[in-house]
Every structure is written in structure tokens, then in C-alpha cells.
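Asks: Residue numbering for the sequence shown follows our numbering, starting at 4 and increasing by one per position.
Where is the CB? At the ideal position from N, CA and C, for every residue including glycine.
These numbers were taken from a predicted model, which means no experiment stands behind them.
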Amino acid sequence: MNKQQSILYIEDDAASRSLVERALRYGGYHVQVADCGLDGIDIARRTRPDLILVDINLPDLTGREITTMLRADPPFAATPIVALTAMTLAEHRELTQAAGITGYMTKPIDIDHLLDRVAFYLTGGRDVTDAAPLNDAQTRYIREVVSRLETRIRDLERMNRQLERFDRMKDVFIQLTAHELRTPLTLVIGYNRLLEENPELRSLGQSNPNLKMLFEGLTESILRMQNIIDEILTISRIMTNQIELTIGPCNLGDLTERALQVYARAIGERRLTVQFNKTQWNTRVVADWELLSLAFRNLISNAIKFTPDGGVITLACQPENDRIRLIFRDTGIGISPEDCGSIFERFFSSENPDLHSTSKTSFRGGGIGLGLAVVKGIIEAHGGQIAVESPGFNPLAPPGTTFSIVLPLVATPRPRARG
Numbered sequence: 004m005n006k007q008q009s010i011l012y013i014e015d016d017a018a019s020r021s022l023v024e025r026a027l028r029y030g031g032y033h034v035q036v037a038d039c040g041l042d043g044i045d046i047a048r049r050t051r052p053d054l055i056l057v058d059i060n061l062p063d064l065t066g067r068e069i070t071t072m073l074r075a076d077p078p079f080a081a082t083p084i085v086a087l088t089a090m091t092l093a094e095h096r097e098l099t100q101a102a103g104i105t106g107y108m109t110k111p112i113d114i115d116h117l118l119d120r121v122a123f124y125l126t127g128g129r130d131v132t133d134a135a136p137l138n139d140a141q142t143r144y145i146r147e148v149v150s151r152l153e154t155r156i157r158d159l160e161r162m163n164r165q166l167e168r169f170d171r172m173k174d175v176f177i178q179l180t181a182h183e184l185r186t187p188l189t190l191v192i193g194y195n196r197l198l199e200e201n202p203e204l205r206s207l208g209q210s211n212p213n214l215k216m217l218f219e220g221l222t223e224s225i226l227r228m229q230n231i232i233d234e235i236l237t238i239s240r241i242m243t244n245q246i247e248l249t250i251g252p253c254n255l256g257d258l259t260e261r262a263l264q265v266y267a268r269a270i271g272e273r274r275l276t277v278q279f280n281k282t283q284w285n286t287r288v289v290a291d292w293e294l295l296s297l298a299f300r301n302l303i304s305n306a307i308k309f310t311p312d313g314g315v316i317t318l319a320c321q322p323e324n325d326r327i328r329l330i331f332r333d334t335g336i337g338i339s340p341e342d343c344g345s346i347f348e349r350f351f352s353s354e355n356p357d358l359h360s361t362s363k364t365s366f367r368g369g370g371i372g373l374g375l376a377v378v379k380g381i382i383e384a385h386g387g388q389i390a391v392e393s394p395g396f397n398p399l400a401p402p403g404t405t406f407s408i409v410l411p412l413v414a415t416p417r418p419r420a421r422g
């Protein structure tokens, strides 16, 4: 039994596509269709059809461009490619053949003769043009391709300039917004402190658990807002290369211990075990204490957030000549391979935004997707590197995640951008 021959039809007009597809299927052919040039090329390279029918005028590529691209691929050197076109002038047909087209059919398609024409091309037939006009057509076609290429390059350059402009505007907007939010927040922090220090309110809080809980919730929310604004400003300075390090001696043991103390309550409530040997971390580095502390807090917060209750967080410190390797490992739900490549991007979140939670310490809690981007920026600003490893994502049998940081013992800040 002979193998069923396959035909690919690339056509953006749905009515024409449906009509020709039905006629070809009636003729016993296996038919695949595409409504644009790029999809057609992709299907052709995956399935290697015996014949390709292509409309000359498509929204993304012309039929001639599609043919040129396919002919450059050795498997399609001899594949019959037939143009369907309403352009009947001789010069248009010559241009079509100059691109490597086997033949052409005139639109609207004559359905009564379609199967005969298809059989003609499948058995080696081709439309012949005199050599002299064809040579001229090839020259015109090359000029046409070059002209279209130059136009597209100019369009891409213009779009790239616009994207760069929008990106700069976005960074400025984010930075200004954070500064505008910080001003009223400073007042709120001050008023909240006055409330906390008021003797009458403090006395009421001690006798009224609900009032005490209200004050604690208010303070916690204010600090949360302050942390978000600080993260936005930090990432803004990082992305514009305006981050400035205040270098000084730092004891990593003290720094890490204080970072853990920030989350001591959450760690206890979630029944998490933290394996941390301060003596092992008793290493002095020359770095920016505040920024490095922020990076460690973000990594610890991330581990808490994605580790189920009762899990384990392990912190390890390994000297390596003039550098130090820091390990932040958890027994959490892990990260998929595709997310590992995006985890340090700004505003990236592997969680469903519809299920977003504002808590940074509850299991699979929220955040705005800046924490790890901030970590990466701070570590690289010190001349270090950070990497992530995980066997994959599995909430039912958590495989864990490991973040590895390599820091120089003496920070080597990258040059700060001017302006």
C-alpha cells in the first residue's frame, strides 16, 4: 500500500483555506494548514510535507520569503513549493520563480482542476520561464529582499529605541513612586511610635489583649510597607547601577544570627528547624553590612515561605581561599527547571497571582517578586555570584532548594554608573 502523500497549505484567508483543504482531502491527501508564514515554516520543518502550497501575500512573510527560507534548508531543496496568487502579470510570476517557487496557481482557485495541478507538481512537473527574464527577475527579487530587510531592520531599531525609552521611564517611575510613598510612611511611623510610647495607651494595651493585638498588627503592617519600599528603592538603584556600598568589616556569624532573629517568631510558629552553627560562620569579610543583611533576610524569608511547617532550613559556610561559599538550603517544595532560569528576575513569581497572600512568612505566602532580584543585585555588587539548584517542583514530596553564594572576603564593588 502506497504511503499517503502530505500537503501543507499556508493561507491566511479562512474561506480559501477551508475550500482547498476539503478538495485535497477528497483527493486522498493528508493535509496540514497554517494561517501565517512562521507557523507554516515550523510545520514544514517538523513534518516534511511532499508538497507545499503557499499564498504569496501573508500578514507576516511573503510567499517568496517563505520559499527562500525553506530552500536554504537542504531537506527542502527539491520539495515542490507552489505559489497561490491573484497577481497574473509576467513580472510577478518571474519574481515568484526567482525565489525558488516550483510553480503557481492563479486565485481564485479553480477547484475543478486543483487535483490535476497538484498531481502535476507531485510527479516532478514545474512551470518553466525563459532564462533571460528569469535572470532579470532574480536580480529584481534580490533587490526586493534587501529593501524589505533594510525596512525591517529600521523598524526593529526604532522599536528597540522605544523599548529602551519605556524601560528607563519605568525605572524612573518606580523610583519616584517609592520615594513618594516613603514620605507619608515616615509620618505614619512617627505617629505609630507616639502611640506606642503613650503611657495611657500602653496601660490600656496591657489590660486589653484585643487593643494590644491591634497595635502589634499596625506596627507589623507599617514595617511590611517599609520593607517593600526599601526593596523597590534598592532594586531601582541596582538596575540603574547606582548602588553605593558602605564597606566595612562584617562578622558573618553576627550578621546571620541577627537576620534569623527577625524571623524567630515565624520560625517558631511554623515549627521550622534551623541548622545554624555560628562558630562555623565566624568569618570576617569586608562588605556592606546593611545590604548583605538585607540579602540574607530575603533568602531566609524565601526559605521560610516555601518550606512546609515542620521543615528544615540549613545554613552553611565554607571558606575557599580568598572567597567564602554560603549555603542556604531548605526542605521546601522546590523550583521547576524553567523557573530556576527566571527566579532572579524582577517581579517574578512562581505562584498563581490569583492566590496571592501578603504574608512573607506563611507557607507559600506572598511578596512582590523583588526579594531574590535584590539578593542577586547585592551579591553581584560585592563582586560575588549566586546560583540556585533544585531537583524540581513537588508540593506533595518536597525536594528542597539550595541557594549558593560565593563572596570575596574583601568586596570588589563594580564601578558605579555616572549621572
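Can you tell me whether DSSP reads Asp-333 as helix, strand or coil?
Replies: strand
Asks: For the region 276-350, list the beta strand (DSSP E) runs that are entirely contained and at least 3 residues long, ordered along the chain.
Replies: With a minimum length of 3 residues, the continuous beta strand (DSSP E) runs that stay inside the region 276-350 are 276-278, 287-290, 315-323 and 326-333.
Asks: What span of residues does the alpha helix (DSSP H) with Leu-58 cover, start to end?
Replies: A quick correction: the sequence has Asp, not Leu, at residue 58. From DSSP, Asp-58 is part of no alpha helix (DSSP H) but of the beta strand (DSSP E) over 54-58.
Asks: Rounded to whole angstroms, what is the Cα-Cα separation between Arg-155 and Ile-382?
Replies: 40 Å
Asks: What is the rounded straight-line gap between the Cα of Gly-422 and the Cα of Gln-245?
Replies: Annotation note: pLDDT 45 at Gly-422 (below 50); position unreliable, coordinate value reported separately. C-alpha separation (whole angstroms): 9 Å.
Asks: Leaving out the 5 sequence neighbours to the left and right, which residues in its chain are closer than 6 Å to Ala-390 when beta-carbon positions are compared?
Replies: Ser-407
Asks: When the Cα atoms are used, what is the spatial distance from Thr-310 to Leu-302?
Replies: 12 Å
Asks: Going straight from the alpha carbon of Met-72 to that of Glu-348, what length do you get?
Replies: Each residue's CA atom was taken as its position, placing Met-72 and Glu-348 some 35 Å apart.
Asks: Using the three-state DSSP reduction, which class does Asn-254 fall into: helix, strand or coil?
Replies: strand
Asks: Using alpha carbons as the reference points, say which of Glu-323, Thr-259, Leu-64 and Ala-86 lies closest to Gln-100.
Replies: Ala-86
Asks: Considering Cα atoms alone, identify which of Arg-129, Arg-151, Ile-112 and Arg-48 is closest to Glu-68.
Replies: Arg-151
Asks: Is the Cβ-Cβ distance between Leu-297 and Thr-249 less than 8 Å?
Replies: no
Asks: In whole angstroms, what is the alpha-carbon distance linking Ala-134 and Met-242?
Replies: Low confidence applies here, because Ala-134 scores a pLDDT of 47, under 50, leaving its location unreliable and the question unanswered by this model.
Asks: Which residue marks the beginning of the alpha helix (DSSP H) containing Thr-374, and which one marks its end?
Replies: According to the sequence shown, residue 374 is Gly rather than Thr. Run containing Gly-374: 374-384, per the alpha helix (DSSP H) assignment.
Asks: Starting from the N-terminal side, write out each stretch of the beta strand (DSSP E) that is 3 residues or longer and does not extend beyond the region 83-127.
Replies: 84-88 and 106-109
Asks: Around the C-beta of Leu-358, are 16 or more other C-beta atoms found within 10 angstroms, so that it is buried, or is it exposed?
Replies: With a pLDDT of 45 at Leu-358, under the threshold of 50, the modelled position of this residue cannot be trusted, and the question is left open.
Asks: Tell me whether Glu-247 sits in a helix, a strand or coil according to DSSP, three-state version.
Replies: coil
Asks: Going along the chain, which residues of its own chain have a beta-carbon closer than 6 Å to the beta-carbon of Gln-278, five neighbours each way excluded?
Replies: Thr-317
Asks: Could you please give me the residues that DSSP links to Pro-411 through a beta bridge?
Replies: Arg-326
Asks: In this structure, does DSSP put Leu-11 in helix, strand or coil?
Replies: Three-state result, Leu-11: strand.
Asks: Reducing DSSP to helix, strand and coil, say where Ala-181 ends up.
Replies: DSSP places Ala-181 in helix when its eight states are reduced to three.
Asks: Look at Ala-262 and Phe-218 and say whether their C-beta atoms are less than 8 Å apart.
Replies: no
Asks: Cα separation between Val-289 and Asp-42?
Replies: Answer to the nearest angstrom: the Cα atoms are 55 Å apart.
Asks: Starting from the C-beta of Pro-62, find all residues in its chain whose C-beta is less than 7 Å away, skip the five residues before and the five after it, and write them out in chain order.
Replies: Asp-15 and Cys-39
Asks: Mind reading off the beta-carbon distance from Leu-118 to Gly-30? Whole number of angstroms is fine, and I expect it under 8 Å.
Replies: 4 Å
Asks: Reducing DSSP to helix, strand and coil, say where Phe-396 ends up.
Replies: coil
Asks: Going by alpha carbons, who is nearest to Ala-80 out of Ile-46, Asn-60, Leu-54 and Ala-89?
Replies: Leu-54
Asks: Run through DSSP, which three-state label would Ala-269 get?
Replies: helix
Asks: Do you know offhand how far Asp-115's Cα is from Lys-173's?
Replies: Cα to Cα, Asp-115 sits roughly 59 Å from Lys-173.
Asks: Within the same chain, show all residues whose beta-carbon is closer than 8 Å to that of Gln-209, passing over the 5 residues directly before and after it, in chain order.
Replies: Lys-215
Asks: Around the Cβ of Glu-234, are there at least 16 other Cβ atoms within 10 angstroms (buried) or fewer (exposed)?
Replies: Buried.
Asks: Spatial neighbours of Pro-252 within its chain, please: CB distance less than 7 Å, with the 5 preceding and 5 following residues excluded, ordered by chain position.
Replies: Scanning its chain for C-beta atoms nearer than 7 Å, with the 5 sequence neighbours on each side dropped, one finds around Pro-252 the residues Arg-287 and Val-289, in chain order.
Asks: Whole angstroms is fine: what's the gap from Ala-400's alpha carbon to Asp-342's?
Replies: 18 Å
Asks: Buried or exposed: which applies to Pro-356, given that a residue is buried once 16 or more other Cβ atoms fall within 10 Å of its Cβ?
Replies: Residue confidence for Pro-356 is low, a pLDDT of 49 falling below 50, so the modelled location carries little weight; the figure read from the coordinates is stated next. Exposed, because fewer than 16 other Cβ atoms sit within 10 Å of the Cβ of Pro-356.
Asks: Pick from Leu-412, Asn-397, Pro-340 and Phe-331: whose alpha carbon is nearest that of Thr-405?
Replies: Phe-331
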